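Trainee: I'd like to ask some things about the structure below.
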Amino acid sequence: MINLSVPTKLINKFVKNTFVHHILIVEDDLAFCKMLETFLKKKGYQVTTSSSSEEAIKKINSESFQVILADVRLPEKEGTILLETVKELQLATKVILMTGYAEVSKAVEVMKMGAFDYISKPINPEQMLDLIQKAVGSLSENVSLKSIEDQEKPVPETKEELEVNSSYVAGVSDASKKLNDYIKLVGPTDMSVLIIGESGTGKEYVAKNIHEKSRRKDEVFIAVDCGAIPKEIASSEFFGHVKGSFTGAINDKIGHFEAANNGTLFLDEIGNLSYDLQVQLLRALQERKIKPVGSSKEIEVDIRVIAATNEDLKKAVELGDFRQDLYHRLNEFSIQVPALKHRKEDLLLFANYFLDKANRQLQKESVGFSEEALEALKNYDWPGNLRELQNSVKRSVLLSETKVIEKKDLPENIVNHTSTTTSYKLFKNQNEEQFILDALEEAGGNKSKAARILDVDRKTLYNKLKQYNIKL
């Protein structure tokens, strides 16, 4: 039964989302915003994000939200403007404000304005989740909808759903954005793609993402490690064989090319192929036909080939170790996957993804990393890239005796690592004004980029610009 004293507009807003708790996150720190979004989605919430108060207001007017989780300090207008918007629209939406500044006076001010609660950064995930659940639970006091009461605790996604939804972490760094733009550009085409990157950077994940954006997405994706195939049976592995074609061929065998027909064939570490097999591969790609070993019959195949390497294939071509014509056939479009050390803004996103994965595999309940642990992760150079990060996080989850990963739980080489990279170290050097000017110059005046160079959030940079009266 509906309480008729509640404004009709409010009722209509909530009826639309009767069975779903919808949260709006308003945060201009993209990496932190993405981390919150991922965490809350895994807890069963529907999440929408916004990086500014103006954008958030437009969404509040067009969508319904049960909870708004907003940073107090936003670039254009403070997050408190969202409280005023909620009041003007007579919404029952609960607003939780967060800030990096633990100011008691500010907390009192926003509570008087009508905020449901106030939380200081660094955010404790369990504390934040508890606040959101209390905010959702309090809605039943204003709107007597049984479905809201029934949904007070969100239902977690199944393991299968998590695997599907979290199989590719897009990242928010400039390097990741460029990578994802290339994937979106080439994905829908049928062009052959050469993915270049260091070992452990996630080249196969990139290949799968390209496949998922292609017209072949409903067909098979077959990955082949070219370095793991013995030279003697390579032809059979790729093109198949007929029974009796050689000693040990006791049955007909379908090769990778035929198995991938109509789908995508991913050839990892393509530089390890022998010269003879390179010739056979080139012919198959040019003619779109294969001939199993020992067979006189050709089989037509329609496949898209994506290849990957951590070697310098151009140099291999110059040295005569790799066929130039095959190189150009595979390299219709090339994508460089950046090393993890060049996408440090994405580190926390990947670490939390691997944390969730390790929790499922090890049946643990770790919720995050301590400040000291995060600092150690950021200072490490990650020569093994994402693969090393995944292994390190899994090991740490196993060793951790609490729900928070401490620095002592990390591998020894990460704990004892001394960073050799240049750091501006704001607030720890008397020349910080000059450091800020240097960073702005390096970033071409882009404040967001300068903040990333300085390893601070945008709001901190804005405050420093005011402090030193730096105007752009």
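Residue numbers for the sequence shown follow numbering that gives the first Met the number 0, beginning at 0 and rising by one. Note that the Cβ used here is the ideal one computed from N, Cα and C, for glycine as well. Owing to the predicted nature of the structure, the values given are computational and were not obtained by experimental measurement.
Look up S294 in the DSSP assignment and say whether it is helix, strand or coil.
Mentor: As a working mapping, residue 294 is identified with position 295 in the sequence shown. If DSSP states are grouped into helix, strand and coil, S294 belongs with coil.
Trainee: What does DSSP give as the partner residues of K288 in its beta bridges?
Mentor: Taking the sequence shown and counting its residues from 1, one reaches residue 288 at position 289. Answer is E299.
Trainee: Considering just the uninterrupted stretch of the beta strand (DSSP E) at H21, what are its terminal residues?
Mentor: Taking the first residue of the sequence shown as position 1, residue 21 is located at position 22. Its beta strand (DSSP E) spans residues H21 to V25.
Trainee: Please report the distance separating the alpha-carbon of N309 from that of D267.
Mentor: On the sequence shown, residue 309 is found 310 positions in, with the first residue counted as 1. On the sequence shown, residue 267 is found 268 positions in, with the first residue counted as 1. Roughly 9 angstroms separates the two Cα atoms.
Trainee: Going by the beta-carbon positions, is the gap between T48 and I24 smaller than 8 angstroms?
Mentor: Mapped onto the sequence shown, residue 48 falls at position 49. Mapped onto the sequence shown, residue 24 falls at position 25. Yes. Within cutoff.
Trainee: Alpha carbons only, please: which of K76, A69, L90 and S137 is nearest the one belonging to Y117?
Mentor: Here residue 117 is taken as the residue at index 118 of the sequence shown, counted from 1. That would be A69, whose Cα lies nearest to the Cα of Y117.
Trainee: From the DSSP output, in three-state form, read off D224 for me.
Mentor: One-based indexing of the sequence shown puts residue 224 at position 225. Note: D224 maps to strand in three-state DSSP.
Trainee: Starting from the C-beta of D408, find all residues in its chain whose C-beta is less than 6 angstroms away, skip the five residues before and the five after it, and write them out in chain order.
Mentor: Within the sequence shown, numbered from 1, the residue matching residue 408 stands at position 409. For D408, where only same-chain residues beyond five positions count, the Cβ hits under 6 angstroms are S395, L398 and S399.
Trainee: Let me know the secondary structure DSSP gives H327 once reduced to three states.
Mentor: Here residue 327 is taken as the residue at index 328 of the sequence shown, counted from 1. If DSSP states are grouped into helix, strand and coil, H327 belongs with the helices.
Trainee: Thinking C-beta only, is G226 closer than 8 angstroms to V336?
Mentor: Translated into the one-based positions of the sequence shown, residue 336 becomes position 337. Translated into the one-based positions of the sequence shown, residue 226 becomes position 227. No, Cβ-Cβ distance for V336 and G226 is not below 8 angstroms.
Trainee: Let me check understanding here. Comparing Cα to Cα, which of G239, S391 and L318 lies closest to P291?
Mentor: To locate residue 291, count along the sequence shown from 1; it is residue 292. With distances taken between Cα atoms, P291 lies closest to G239.
Trainee: Roughly how many angstroms lie between the CA atoms of V304 and K212, to the nearest whole one?
Mentor: The residue you call residue 304 lines up with position 305 of the sequence shown. The residue you call residue 212 lines up with position 213 of the sequence shown. Roughly 14 angstroms separates the two Cα atoms.
Trainee: Does R214 pass the burial test, meaning 16 or more other C-beta atoms within 10 Å, or should it be called exposed?
Mentor: Sequence index remark: in the sequence shown, residue 214 carries index 215 (1-based). Its Cβ having fewer than 16 others within 10 Å, R214 is exposed.
Trainee: Which same chain residues, not among the five before or five after V392, have their C-beta less than 7 angstroms away from its C-beta?
Mentor: Your numbering for residue 392 matches position 393 in the sequence shown. Counting only Cβ-Cβ distances below 7 angstroms, and skipping sequence neighbours, we find A350, F353, L354 and A357.
Trainee: Can you tell which of L272, E297, L281 and D301 has the C-alpha that lies nearest to the C-alpha of E487?
Mentor: The first residue shown for the chain is 0 and the last is 471, placing residue 487 beyond what the model contains.
Trainee: Grab me the residues of P187's own chain with a C-beta within less than 8 angstroms of its C-beta, minus the 5 sequence neighbours each way, in chain order.
Mentor: Residue 187 sits at position 188 when you count from the first residue of the sequence shown. Around P187: K212, S213 and R214.
Trainee: Could you tell me whether the stretch 171-191 touches the stretch 453-461, using the rule of 3 or more Cβ pairs below 8 angstroms?
Mentor: Not touching, per the Cβ criterion.
Trainee: Entirely within the stretch 42-113 and at least 4 residues each: give me those alpha helix (DSSP H) ranges in chain order.
Mentor: Segments of the alpha helix (DSSP H) lying fully in the stretch 42-113: 52-61, 79-87 and 103-112.
Trainee: Using the C-alpha atoms, what's the distance from A169 back to S175?
Mentor: Here residue 175 is taken as the residue at index 176 of the sequence shown, counted from 1. Here residue 169 is taken as the residue at index 170 of the sequence shown, counted from 1. Between S175 and A169, the C-alpha separation is close to 7 angstroms.
Trainee: So, is R359 buried or exposed, given that buried needs 16 or more other C-beta atoms within 10 angstroms?
Mentor: By 1-based counting over the sequence shown, the position of residue 359 is 360. Under this definition R359 is an exposed residue.
Trainee: Opposite L264 in the DSSP bridges: which residues?
Mentor: Stepping through the sequence shown from its first residue, residue 264 is reached at position 265. Answer is I221 and V304, bridged to L264.
Trainee: Return no unless some Cβ of chain E is closer than 8 angstroms to the Cβ of A449.
Mentor: Judged by its chain identifiers, the structure shown contains no chain E, having just a single protein chain.
Trainee: Among I253, L453 and L39, which one has its Cα closest to the Cα of S294?
Mentor: For this step, residue 294 is matched to residue 295 along the sequence shown. Per the Cα distances, I253.
Trainee: Need the endpoints of the beta strand (DSSP E) that Y204 sits in, please.
Mentor: Counted from its first residue, the sequence shown places residue 204 at position 205. Careful: Y204 lies outside any beta strand (DSSP E), inside the alpha helix (DSSP H) at K202 to E211.
Trainee: Does DSSP put L193 in a helix, a strand or coil?
Mentor: Here residue 193 refers to the residue found at position 194 of the sequence shown. L193 falls in the strand class under three-state DSSP.
Trainee: What did DSSP end up calling H341 once you bin it into helix, strand or coil?
Mentor: Working through the sequence shown from its first residue, we reach residue 341 at position 342. H341 falls in the helix class under three-state DSSP.
Trainee: Which residues does DSSP pair with D355 in a beta bridge?
Mentor: Position 356 of the sequence shown holds residue 355. DSSP, once it has assigned bridges, lists no residue as partnering D355.
Trainee: In terms of alpha-carbon separation, which member of Q285, G199 and D224 lies closest to G255?
Mentor: Here residue 255 corresponds to residue number 256 of the sequence shown, with the count starting at 1. Residue identity check: residue 255 is His in the sequence provided, not Gly. For H255, the nearest C-alpha among the options comes from D224.
Trainee: Count the other C-beta atoms from every protein chain shown that fall within 10 angstroms of the C-beta of G196, then say buried if there are 16 or more, exposed otherwise.
Mentor: Residue numbering aside, residue 196 sits at position 197 when the sequence shown is read from its first letter. Classification for G196: buried.
Trainee: Provide the residue span of the alpha helix (DSSP H) that contains Y117, from first to last.
Mentor: Against the sequence shown, residue 117 aligns to sequence position 118. Taken as a continuous stretch (DSSP letters only), Y117 belongs to no alpha helix (DSSP H), being part of the beta strand (DSSP E) at D116 to S119.
Trainee: Could you please give me the residues that DSSP links to Q335 through a beta bridge?
Mentor: Position 336 of the sequence shown, counted from the first residue, corresponds to residue 335. Answer by DSSP bridge pairing, in chain order: I195.
Trainee: Any idea what DSSP makes of L464, helix, strand or coil?
Mentor: Here the question's residue 464 lines up with position 465 in the sequence shown. Note: L464 maps to helix in three-state DSSP.
Trainee: Could you tell me the boundaries of the alpha helix (DSSP H) in which V185 lies?
Mentor: Taking the first residue of the sequence shown as position 1, residue 185 is located at position 186. First-last of the alpha helix (DSSP H) with V185: D173 to V185.
Trainee: Note down, in chain order, each residue of its chain lying with its Cβ closer than 6 angstroms to the Cβ of H341, except the 5 sequence neighbours on either side.
Mentor: Here residue 341 refers to the residue found at position 342 when the sequence shown is read from its first residue. Result list for H341: A174, in chain order.
Trainee: Tell me the DSSP bridge mates of I452?
Mentor: Translated into the one-based positions of the sequence shown, residue 452 becomes position 453. DSSP, once it has assigned bridges, lists no residue as partnering I452.
Trainee: Expressed to the nearest angstrom, what Euclidean distance is found between the alpha-carbon atoms of N445 and K313?
Mentor: On the sequence shown, position 446 is the one that residue 445 refers to. On the sequence shown, position 314 is the one that residue 313 refers to. Each residue's alpha carbon lies about 35 angstroms from the other.
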